[in-house]
Amino acid sequence: MATERTLTIIKPDAVAAGHIGDIIKIFEANQFKIVAARLVKLTKKEAEGFYAVHRSKGFFESLTTFMSSGSALVIVLEGENAILRLREVMGATNPANAAPGTIRKLYAASIESNAVHGSDAPETAAYEMGYFFPGIALI
Ligand code: ADP
Ligand code: MG
Numbered sequence: 143m144a145t146e147r148t149l150t151i152i153k154p155d156a157v158a159a160g161h162i163g164d165i166i167k168i169f170e171a172n173q174f175k176i177v178a179a180r181l182v183k184l185t186k187k188e189a190e191g192f193y194a195v196h197r198s199k200g201f202f203e204s205l206t207t208f209m210s211s212g213s214a215l216v217i218v219l220e221g222e223n224a225i226l227r228l229r230e231v232m233g234a235t236n237p238a239n240a241a242p243g244t245i246r247k248l249y250a251a252s253i254e255s256n257a258v259h260g261s262d263a264p265e266t267a268a269y270e271m272g273y274f275f276p277g278i279a280l281i
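For the sequence shown, counting from 1, position 106 maps to 248 in the numbering used here; every step adds exactly one.
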C-alpha cells in the first residue's frame, strides 16, 4: 500500500444541511489527513469543467446546476490507499444502495444530492486536485 492523495468535495446539500463537521469527523476517524481545503461557490462553468467527463449524460445539466447552487468544501485528503478507501467510506453513488455507516447512507438525500464527491482513480485524482489546487500535486 502506498500513501496517496485524493480529492473530496462536501457538496452543497451537505454543507447546507450542516454536515461539514460530521463528515470531517468520519474522514479523521478513518485516518485521512486534510492537506488542503477551500470553501467555494462554484460557477456553473466551473462545475461543468469539473464534471466534463459526464458532459454527455442526461443528468449533466441538473448535476452542474446543483453543484453550483451553494457553498461546497473542497478538500485534499492524504492517507494509505486513500483513493479506494475514500470511495468505500463514501458509499455507493445512490444512497439507496450505500452500505450502512457510509457517508452517503448517513447524509445523502438522493442519487444527485449525495453529500460527497471522491476521485475514482489516480488519474482523476491528479486532474481534480489540479483543478482546485493548482500546483499542489507537484509538492
Ligand atoms: P460518483 O460521485 O459516485 O463517482 P458518478 O461519477 O457516476 O458518481 O456521477 C457523478 C455525480 O453525478 C454523482 O455523485 C451524482 O451527484 C450525480 N449523478 C450520478 N448519476 C446520476 C443520476 N442517474 N441522476 C442524477 N444524478 C446523478
Ligand atoms: Mg465519479
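All residues carry an ideal CB built from backbone N, CA and C; glycine is no exception. These figures come from a predicted structure and were not determined experimentally.
Exercise for the section: Name the one or two DSSP bridge partners that V259 has. Expected result: Taking the first residue of the sequence shown as 1, we reach residue 259 at position 117. It should be pointed out that residue 259 corresponds to His in this sequence rather than to Val. Answer is I151, bridged to H259.
Practice task
Pick helix, strand or coil for G272, following the three-state DSSP scheme.
Solution key: In the sequence shown, residue 272 corresponds to position 130, counting from 1. G272: helix per DSSP, three-state reduction.
Problem - Extent of the continuous alpha helix (DSSP H) run through E222 - result: Locating residue 222 in the sequence shown gives position 80, where the first residue counts as 1. Careful: E222 lies outside any alpha helix (DSSP H), inside the beta strand (DSSP E) at A214 to E222.
Exercise for the section: Would you check if the distance between the CB atom of I217 and the CB atom of M232 is smaller than 9 Å? Expected result: If you number the sequence shown from 1, residue 217 lands on position 75. If you number the sequence shown from 1, residue 232 lands on position 90. Cβ distance not < 9 Å, so I217 and M232 don't count as in contact.
Problem - Beta-carbon gap between G212 and K187 smaller than 9 Å - result: The sequence position of residue 212 within the sequence shown is 70, counting from 1. The sequence position of residue 187 within the sequence shown is 45, counting from 1. No, these two residues do not count as a Cβ contact at 9 Å.
Practice task
Determine the extent of the beta strand (DSSP E) in which A181 is found, giving its start and end residues.
Solution key: Taking the first residue of the sequence shown as position 1, residue 181 is located at position 39. Note on residue identity: the sequence assigns Leu, not Ala, to residue 181. Element bounds for L181: K175 to V182.
Problem - the stretch 158 to 166 contacting the stretch 191 to 210, beta-carbon criterion three pairs below 8 Å - result: Touching, no.
Problem - E170 burial status per 10 Å Cβ neighbour count (16 or more: buried) - result: Here residue 170 refers to the residue found at position 28 when the sequence shown is read from its first residue. Exposed.
Problem - Reduced DSSP secondary structure (H/G/I, E/B, other) of T235 - result: Residue 235 sits at position 93 when you count from the first residue of the sequence shown. Assignment of T235 by DSSP, reduced to helix, strand and coil, places it in the coil class.
Handout entry: Status (buried if at least 16 other CB within 10 Å, exposed otherwise) for N239
Key = For the purposes of this step, residue 239 is taken as the residue at position 97 of the sequence shown. By the beta-carbon neighbour count (other beta carbons within 10 angstroms, threshold 16), N239 is exposed.
Exercise for the section: May I have the straight-line CA-CA distance separating V157 from A214, to the nearest angstrom? Expected result: Stepping through the sequence shown from its first residue, residue 157 is reached at position 15. Stepping through the sequence shown from its first residue, residue 214 is reached at position 72. Answer to the nearest angstrom: the Cα atoms are 6 Å apart.
Practice task
Starting from the Cα of L149, find the closest Cα among N172, V177, T235 and I168 and give me that residue.
Solution key: What you label residue 149 is simply residue 7 of the sequence shown in a count that begins at 1. Just measuring C-alpha positions, the residue of N172, V177, T235 and I168 sitting nearest L149 is V177.
Practice task
State the beta-bridge partners of T145 as determined by DSSP.
Solution key: Looking up residue 145 in the sequence shown gives position 3. Partner(s): E222.
Problem - G185 (DSSP reduced to helix, strand or coil) - result: Residue numbering aside, residue 185 sits at position 43 when the sequence shown is read from its first letter. According to the sequence as given, residue 185 is Thr; it is not Gly. Assigned with DSSP and collapsed to three states, T185 falls in coil, not helix or strand.
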